[in-house]
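Novice: Take 1366 as the starting number for the sequence shown in the working numbering and just add one per residue. For each residue, glycine too, the CB sits at the ideal point set by N, CA and C.
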Amino acid sequence: MVRLAEGLNVSRRKDPGNYYVATMDKATYTKLSDALRRLGLLPEEAGNIVIVRDRSWSRIKRLINIARELGINVVED
């Protein structure tokens, strides 16, 4: 079981499918759902977390900036 910090968790490393990955809890997803739609990012729900994958780091970075503007905790590794 993976422990997920509340807020937006982002990795600068690519996954094996060559995607950047961002994960968040359901409460954070509710706050960021409009931003995800505007950026064209498609969320995948997996239990109590939401996963966003994209090949563009600039779109993920824009999501990070929006989350920070909304006061959401952002964890980057």
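State the Cα-Cα distance for the pair L1397 and N1383, rounded to the nearest angstrom.
Specialist: When rounded, the distance between both Cα atoms is 24 Å.
Novice: Under three-state DSSP, which class holds D1442?
Specialist: Correct three-state label for D1442: coil.
Novice: Please check the pair I1437 and T1393, which I expect to be a contact at CB under 8 Å, by giving their CB distance rounded to whole angstroms.
Specialist: With 8 Å as the limit, I1437 and T1393 qualify as a contact, their Cβ atoms being about 6 Å apart.
Novice: Just to check my reading of the structure: G1372 and M1389 have Cβ atoms closer than 8 Å, yes? What is that Cβ distance to the nearest angstrom?
Specialist: Confirmed, about 7 Å.
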